[in-house]
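Q: Letter by letter, the sequence shown follows residues -9 to 135 of the numbering used here. Positions of the beta carbon are idealized from the N, C-alpha and C atoms, including for glycine. Just so it is clear, the structure is predicted and the values come from calculations on it, not from any experiment. One structure is given below, represented as structure tokens, and several questions about it will come after.
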Amino acid sequence: MALSALLSPKVYALRSVQPSSEPIPELSPAGDRKRVSVEMALGFAVGLFGVLILFHAAYSTIQYRGLLKIMEEEFSGPPMNVVAELLLGLVFCIWAALTVPGKFLSIQPYSEENRIVSLPANSDFMIFNHRGKVFPLEMDVKLKH
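Here is the structure:
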């Protein structure tokens, strides 16, 4: 998967150092953005519907347990319609969780946002006050007791 992404024409055109006469393709044209936003809205609506189904299944279970208490019977498990609601709500929520985040975008290796932070530039994590300072700097010197 990673090798095919590196060899794809879109990524090669974006990483190309040599000047070419072809324009660099855009990552997401305007029509593509509308389609993605409609898909995300649909995914969000399906996820909301899944959560509502899960809440209804929980309410039905509470109502069923209250009915069993009135009838003085033991609770052996939720009814099959509640189990079916739980599974349906779970499927809707999983589908929404996979579709709502949107489309994956390419990572540009030469971008300023992807720069590597070097250790000397990050001096907040350097600690010089530690127990190593009691040891002599030269290995020939013996420690005093």
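Drop a sphere of 10 angstroms on the beta-carbon of PHE115, count the other beta-carbons inside from all chains shown, and report buried for 16 or more, exposed for fewer.
A: It counts as exposed.
Q: Considering only the beta carbon of each residue, do VAL72 and THR51 sit closer than 8 Å?
A: yes
Q: With 16 as the cutoff for other CB atoms within 10 Å, does PHE82 come out buried or exposed?
A: It is buried - the Cβ of PHE82 has at least 16 other Cβ atoms within 10 Å.
Q: Near LEU32, which residues of its chain fall below 8 Å by C-beta distance, leaving aside the five closest residues on each side in sequence?
A: THR89
Q: If you drop the 5 nearest sequence neighbours on each side, which residues of the same chain put their C-beta closer than 6 Å to that of GLN8?
A: Unreliable placement is indicated for GLN8, whose pLDDT of 46 sits below 50; the coordinate value is still reported in the next sentence. Excluding positions up to five away in sequence, the list is empty.
Q: In the DSSP assignment, the alpha helix (DSSP H) including LEU95 goes from what residue to what residue?
A: Taken as a continuous stretch (DSSP letters only), LEU95 belongs to no alpha helix (DSSP H), as it is neither H nor E.
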